[in-house]
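One structure is given below, encoded as C-alpha cells.
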Amino acid sequence: MIQTEKTITSALLEQAEKSVLFTAKRPNLVMERGQGMYLWDTDGNRYLDFVGGWAVASLGHSPAVLQEALSRQAGTLVHASPGYFNRPMIEFAELLTSVSGMDKAFFASSGAEANESAIKLARKHGSVNLGGAYEIITLTNSFHGRSLAMMSATGKEQWKELFAPKVDGFKHVPINDLDACFAAVNNQTCAIMVELVQGEGGVHAVDEAYLYGLRKICDMYGMLLIFDEIQTGLGRTGKLFAYEHYGIQPDVMTLGKGIGAGFPLSAMLTKSKYDLFEPGDQGGTYTGAPLAMAAGHAVLTELLERNLAGNADVQGKYLVRGLQGLTSEYPITNVRGKGLLLAFDTPEGTAAELAAICLRMGLLINTPNSSTVRLVPPLIVTQQDNDQMLSILRRAFGELSAR
Ligand code: PLP
C-alpha cells in the first residue's frame, strides 16, 4: 500500500517536472488534502500548517462555511457578467463597507489587481483633482504584488533591475523615516501607499508617529493615503483591520488573501468622495462574480461571528511568549509582529535549513529571507496547536545545532 502511494507521488513529481512551468523551488511532495490546521500529502504525511496557505487560509483548510456557500451559489448562479449587478455582489459590498469604515468596494481576484486598482484610482484623483499628478510614494522593502506595475511599486532591492523598463511613477523611501517621505513629495505626487506591517519584507511594522505623519502629509497636499492590507487585513493582526491598531484611517484600502480564505478574491475600498472612475477606466471579467462574492460574504461573516481577530490577538500573544521563552536556549532573536503575523530571526543563512527540518518533522513554516522565519497560521489556531508548533521548533533547533 505504502509502496503504491510512494509510486503515485514520484509519478506526479515527474509529471510536474514535465508540464508545470518552473517559477519556484518546491519540496519533493504533493499536497492533496487539507482540514483545519493540517495539510496532507500524497504519501499520507500530515503537516501542521503555520504558513496558512501563505496567510490565506484564515478559516483553516476546507472550512465548512466556504464549502456550503460555494455549493449553494454554484447551484444558483456562478457567473452573470461584469456588465450586470448580481445579488451576492451587492450584499457583500454592503457588509464589507459597513465593517471597514469605507464606503465603496471594487472587487478583483488577486492582491496585485486590487493594488493596481488603488494605483489607478490615485492617478485618476491626480488627473481630476491635482492637476495631473501621477507619482506614488511607496516604501523600500515593501511588497505589493507581481504584475508589472506592482513590481514597480514594490520596494524589493532584488527586483530593481528585473523586467526593465519598469512602470514609471513610483518613488521608494525607507520605512519610518518621515523626513525622507516628505522630501520625496513634489507637485506630481498623488498618493502614498504603505503596508502597515510589511509581510513579505520580513514582518516590520510602521510606527504610530510615522503613520500619523503620513496622514498629515496626505491631508496637507490632498494626496491619497493607501493602506495595502492584503496581508494584514481581515483579522490577521489581531484586529479586523491593522489600521485599527493606529486609529488612523486610509482613503483607500486593499484586501486579499484571507478575504476569500482560499477562494481567489480581493477588494479595493475607498470613500465616496473618491468614487471617481468613469466607464472604461476599471473593470475585469471576474469583478464581483457571484461565486467569489458568496465566498467572501461567508468568510467575513464567519470571521466576525467567531471573533477570529480576537483569537489572533490572544493566540499571537501566546505564541510570542512561547518564542521569547526559546530565546535563552536557541539562536532565536528579534521576535516581532502583531496578532498572527509574526517573525523571528535566526543566524544568517540558517532559515531555509530550519524550515526543511521542520517540514520533515511535519511542521510548515515560511522564510521570507535567509535569516527570518515568518509564522502566519490560520486564525483558528488554538493553544494546543501553538504548543505543538513550539515543541517541533525546539526539536528542529536541536537538530540544526547538532549539525
Ligand atoms: N500586497 C501584499 C502586502 C502582499 O503580501 C501580497 C502577497 O503576498 C500582495 C500584495 C499580492 O497579492 P497576490 O499575490 O494575491 O497578487
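Residue 143 in my numbering sits at position 143 of the sequence shown; the count goes up by one each step and never skips. We treat Cβ as the ideally placed atom computed from N, Cα and C, and that holds for glycine.
May I ask whether a heavy atom of the ligand PLP can be found less than 7 Å away from the beta carbon of Gln231? Locating residue 231 in the sequence shown gives position 231, where the first residue counts as 1. Gln231: yes, Cβ under 7 Å from the ligand PLP.
Check whether the segment 332-349 and the segment 365-373 are in contact - that is, three or more C-beta pairs closer than 8 Å. yes
Just to confirm the assignment: which complete alpha helix (DSSP H) runs, minimum length 4, are found wholly within the segment 150-197? 178-184
Compare the C-alpha of Glu157 against each of Phe227, Gly169 and Pro174 and name the closest. As a first step, residue 157 must be located in the sequence shown, where it is residue number 157. Among Phe227, Gly169 and Pro174, the Cα nearest to that of Glu157 is on Pro174.
Just tell me which of Leu139, Glu94, Arg321 and Leu130 has its CA closest to the CA of Asn187. Position 187 of the sequence shown, counted from the start, is the residue given in the question as residue 187. Nearest C-alpha to Asn187: Leu130.
So Gly233 and Leu255 are in contact, right, with Cβ under 8 Å, and what is the actual spacing, rounded? As a first step, residue 233 is located in the sequence shown; it is residue number 233 there, counting from the start. As a first step, residue 255 is located in the sequence shown; it is residue number 255 there, counting from the start. Yes, Gly233 and Leu255 are in contact; Cβ-Cβ is about 5 Å, under 8 Å.
Is Thr9 closer than 8 Å to Leu29 when the C-beta atoms are compared? For the purposes of this step, residue 29 is taken as the residue at position 29 of the sequence shown. For the purposes of this step, residue 9 is taken as the residue at position 9 of the sequence shown. Yes. Within cutoff.
Is DSSP giving Ser411 helix, strand or coil here? Outside the shown range of the chain, which is 1 to 403, sits residue 411, and nothing can be said about it.
Helix, strand or coil at Asp345 [DSSP, three-state]: Stepping through the sequence shown from its first residue, residue 345 is reached at position 345. DSSP places Asp345 in strand when its eight states are reduced to three.
Taking the runs of the alpha helix (DSSP H) that are 4 residues or longer, which of them lie wholly in the segment 70-135? 87-100 and 111-129
Report yes if the C-beta distance between Thr138 and Ala153 is below 8 Å; otherwise report no. Taking the sequence shown and counting its residues from 1, one reaches residue 138 at position 138. Taking the sequence shown and counting its residues from 1, one reaches residue 153 at position 153. In this structure, Thr138 lies near Ala153, with their beta-carbon atoms less than 8 Å apart.
Smallest Cα separation from Tyr221: which of Glu229, Ala191, Ile248 and Tyr212? Position 221 of the sequence shown, counted from the start, is the residue given in the question as residue 221. The shortest C-alpha separation from Tyr221 is found at Ala191.
Exposed or buried, which one is His79 when buried takes at least 16 other CB atoms within 10 Å? Position 79 of the sequence shown, counted from the start, is the residue given in the question as residue 79. The residue in question, His79, is exposed, as its Cβ has fewer than 16 Cβ neighbours within 10 Å.
Among the residues of its own chain, which have a CB less than 8 Å from the CB of Thr128, if the five just before and after it don't count? For the purposes of this step, residue 128 is taken as the residue at position 128 of the sequence shown. Residue identity differs from the one stated: residue 128 is Val in this sequence, not Thr. Taken in chain order, the residues that qualify are Leu276.
Cβ-heavy atom distance between Thr129 and the ligand PLP below 7 Å? Position 129 of the sequence shown, counted from the first residue, corresponds to residue 129. Per the sequence presented here, residue 129 reads as Asn, with Thr not at that position. Every heavy atom of the ligand PLP is 7 Å or more from the Cβ of Asn129, so no.
Ser328 by DSSP, collapsed to three states: which one? Within the sequence shown, the letter at position 328 stands for residue 328. Ser328 falls in the coil class under three-state DSSP.
Give me the Cα-Cα distance between Ser147 and Ser328, rounded to the nearest whole angstrom. Looking up residue 147 in the sequence shown gives position 147. Looking up residue 328 in the sequence shown gives position 328. Spanning the alpha carbons of Ser147 and Ser328 requires a straight line of approximately 43 Å.
My output table needs one value for His245: the three-state DSSP class, helix, strand or coil. For the purposes of this step, residue 245 is identified with residue 245 of the sequence shown, where counting begins at 1. Looking at His245 - three-state DSSP - the assignment turns out to be helix.
Do Leu96 and Ala105 have their C-beta atoms closer together than 8 Å? Here residue 96 refers to the residue found at position 96 of the sequence shown. Here residue 105 refers to the residue found at position 105 of the sequence shown. Contact flag set, yes.
Should the segment 255-274 be regarded as contacting the segment 225-241, the criterion being three or more beta carbon pairs within less than 8 Å? Three or more Cβ pairs closer than 8 Å define a contact, and the segment 255-274 meets that threshold against the segment 225-241.
Could you tell me the distance, in whole angstroms, from the CA atom of Gly201 to the CA atom of Ile365? Position 201 of the sequence shown, counted from the start, is the residue given in the question as residue 201. Position 365 of the sequence shown, counted from the start, is the residue given in the question as residue 365. Computed Cα separation, rounded: 16 Å.
Among Phe170, Pro88 and Val56, nearest to Leu379 - alpha-carbon criterion: Here residue 379 corresponds to residue number 379 of the sequence shown, with the count starting at 1. It is Val56.
To the nearest angstrom, how far is the alpha carbon of Gly75 from that of Gly34? Translated into the one-based positions of the sequence shown, residue 75 becomes position 75. Translated into the one-based positions of the sequence shown, residue 34 becomes position 34. Whole-angstrom Cα-Cα distance: 24 Å.
Which same chain residues end up closer than 8 Å to Leu300 when comparing Cβ atoms and leaving out the 5 residues on each side of it in sequence? For the purposes of this step, residue 300 is taken as the residue at position 300 of the sequence shown. Excluding positions up to five away in sequence, the list reads Phe92, Leu95, Leu96, Val99, Leu234 and Ile259.
8 Å CB neighbourhood of Tyr212 in its chain, flanking five on each side removed: The sequence position of residue 212 within the sequence shown is 212, counting from 1. Result list for Tyr212: Tyr246 and Ile248, in chain order.
Other residues of its chain near Gly126: CB distance less than 7 Å, five sequence neighbours each side excluded: Working through the sequence shown from its first residue, we reach residue 126 at position 126. Hits under 7 Å: Gly132, Ala133, Tyr134 and Cys190.
For Gly34: DSSP bridge partner residues: In the sequence shown, the residue the question calls residue 34 occupies position 34. In the DSSP output, where bridge partners are listed per residue, Gly34 has Leu39.
Residues sharing a beta bridge with Gly337, DSSP: As a position in the sequence shown, residue 337 is number 337, starting the count at 1. Gly337 is bridged to Leu342.
Ile226, DSSP secondary structure in three states: The residue labelled residue 226 in the question sits at position 226 within the sequence shown. If DSSP states are grouped into helix, strand and coil, Ile226 belongs with the strands.
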